[in-house]
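The structure appears right after this line, and notes come after that.
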Amino acid sequence: MQIQKPKGTYDLTTKDAYQRTYLENFIRKIFDSYNYKEIRTPTFENTKLFKRSIGEETDIVSKEMYSFNDGEFTLKPEMTAPVIRAYVENRMFNDAPHQKLYYISNMFRRERPQAGRFREFSQFGAESIGSGEEMADAEMILLADAILNEIGLKNFKIRINSIGTIEERSIFIISLREYLIGFEEDLSNDSKRRLVINPLRILDSKDPKDLEILENAPVLYEYLSEDSKKHFESLIELLNSISDKLSIDYKLVRGFDYYTSTTFEFISSAIGSQNALLGGGRYDMLAEHLGAKPTPAIGFAAGFERIEMALKAESAIIPDGSELLLYVCSAGENPRSRILQIITSLRSKGIKCETDFLGRSVKSQMKEADRMKAKYVIVLGDNEIESNSAEIKSMFDGSVIKIEGLDKIINYLKDED
Ligand code: AMP
1 MQIQKPKGTY
11 DLTTKDAYQR
21 TYLENFIRKI
31 FDSYNYKEIR
41 TPTFENTKLF
51 KRSIGEETDI
61 VSKEMYSFND
71 GEFTLKPEMT
81 APVIRAYVEN
91 RMFNDAPHQK
101 LYYISNMFRR
111 ERPQAGRFRE
121 FSQFGAESIG
131 SGEEMADAEM
141 ILLADAILNE
151 IGLKNFKIRI
161 NSIGTIEERS
171 IFIISLREYL
181 IGFEEDLSND
191 SKRRLVINPL
201 RILDSKDPKD
211 LEILENAPVL
221 YEYLSEDSKK
231 HFESLIELLN
241 SISDKLSIDY
251 KLVRGFDYYT
261 STTFEFISSA
271 IGSQNALLGG
281 GRYDMLAEHL
291 GAKPTPAIGF
301 AAGFERIEMA
311 LKAESAIIPD
321 GSELLLYVCS
331 AGENPRSRIL
341 QIITSLRSKG
351 IKCETDFLGR
361 SVKSQMKEAD
371 RMKAKYVIVL
381 GDNEIESNSA
391 EIKSMFDGSV
401 IKIEGLDKII
411 NYLKDED
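Once you know that position 222 of the sequence shown is 222 in the working numbering, the rest is easy, because the numbers rise by one and skip nothing.
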């Protein structure tokens, strides 16, 4: 029987892989201009890291982790905890008081696969570690906005909220639970379960009955201190350049325990129900929790798969590597070694060119050149090699130019549309 890929995984074959690498490189350049530096961490970590940071009661830790070696290790389901672990372990705080880091890496979660939700998926993200100022929050959101804009997405909105400090939130959770207990019978099964272990997540529910009940629920923002509110209001002011995309959503909470204060999500209106392209927020307690001195921080993580879905839905054009500058057709046996010399020399100058490897007729090589979207084609046979001259044909307009000296081909190639 044919062996297939595991459920919830996917292959990126040639064009898709080219586009993924193109996006990765594009995004790296934007990170670089914002002065974010790359960090790489292992594919698996000690399971305790995720239990302690994301939280035992979250969906990820309670049921979605790929753990092995008797549960000792876990394939990373997200990158913030590994980055902060590495930051603390490598004493990166000694290098600079404010560190701006980015990553591009695969993540693993045993989720129920569906469109936009995989078990192995790829994220890029950023962490700005050491500053508690609104400027750091603003830069993080502007950076995320710049990346999505510059790769060509148009139809996205930003939801933003503040979930305050852990203390502020814990008082709110008591009120929320008290309120929801009055409606326990009518809540969805998921929300009934969450009422006991993690009532805050009920605010995330999409169940219509839950939403009705939540309409009159206590509002977290009202439980925040003046300081927390001031931070949030100053941030909103700093974000005035993108204010048309922002909407304050007092029900926005995020799935990990380590979030505090600012939380945000970038939502696409071009894809289906898994419409969060990117999510992030402050996690001012995490570094301390993992052994550093108190270190405020903020970050975001974005999923390549959903961004690619949105790009496709918005008909954005991403190069797929299919264009070729020159196809060299071989006519006859003798030119082979000269063709190899010519294409090797052109390739050493960065010219993307191709020739035939299947001994095909000139006619089918021409067809192949067309299929490969070659911009120019040249046919080399015994006569051309002997006379050291040939005709080069432009595939856009069909024009033909005579070349004298086969080592001068490069002078006739114009790489433009
Ligand atoms: P999170 O790490 O859960 O805050 O998610 C951040 C972003 O990662 C989301 O907005 C998605 O774009 C992406 N993401 C999270 N989980 C998955 C998944 N299972 N499959 C594909 N993308 C995901």
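Ideal placement from N, C-alpha and C gives every residue a C-beta, glycine not left out. In this text the structure is predicted, and so the values were computed from the model without any measurement.
- For V253, the secondary structure class from DSSP, reduced to helix, strand or coil, is coil.
- In this structure, the ligand AMP has no non-hydrogen atom nearer than 7 angstroms to the beta-carbon of A115.
- Per DSSP, the continuous alpha helix (DSSP H) segment holding Q365 begins and ends at 362-371.
- Nearest to S330 by alpha-carbon distance, out of G321, Q341, S322, is Q341.
- Pairing R193 with L252, the inter-Cα distance amounts to about 19 angstroms.
- If you look at I267, you'll find it in the beta strand (DSSP E) that goes 260-268.
- Under the rule that a run must span 3 or more residues, the beta strand (DSSP E) segments found entirely inside the segment 59-136 read 73-75, 99-108, 120-129.
- Taking every protein chain shown into account, the CB of S53 has 16 or more other CB atoms within 10 angstroms, so this residue is buried.
- In the same chain as E134, and ignoring 5 residues on each side of it, the C-beta atoms closer than 7 angstroms to its own belong to H231, S234, L235, L238, in chain order.
- C-alpha of G71 to C-alpha of T47: approximately 7 angstroms in a straight line.
- Per DSSP, reduced to three states, the secondary structure at F156 is strand.
- For I342, the uninterrupted alpha helix (DSSP H) run begins and ends at 336-348, by DSSP.
- Per DSSP, Y22 is one residue of the alpha helix (DSSP H) stretching across 14-33.
- Taken in chain order, the complete alpha helix (DSSP H) segments of 4 residues or longer contained in the segment 33-58 are 47-53.
- By the criterion of a C-beta distance shorter than 7 angstroms, Y250 is surrounded in its chain by N161, V219, L220, Y221, once the five residues flanking it on both sides are discounted.
- In this structure R347 is exposed. Its beta-carbon is surrounded by fewer than 16 other beta-carbon atoms within 10 angstroms.
- A Cβ-Cβ distance of about 6 angstroms is found for the pair N388 and L406, placing them in contact under the 8 angstroms criterion.
- Taking a contact to require three or more Cβ pairs closer than 8 angstroms, the segment 210-217 and the segment 141-149 do not qualify as touching.
- By the beta-carbon neighbour count (other beta carbons within 10 angstroms, threshold 16), P6 is exposed.
- Judged by beta-carbon spacing, G55 lies within the 8 angstroms limit of D257, meaning their Cβ atoms are closer than that value.
- Taking the CA atoms as reference points, T14 sits about 12 angstroms from Y22.
- By the neighbour-count criterion, in which 16 or more other beta carbons inside 10 Å mark a residue as buried, N94 falls on the exposed side.
- Boundaries of the beta strand (DSSP E) harbouring S330: 324-331, taken from the DSSP string.
- DSSP, read as helix, strand or coil, puts N161 in strand.
- Rounded to the nearest angstrom, the Cβ distance from T74 to E45 is 6 angstroms, consistent with a contact under 8 angstroms.
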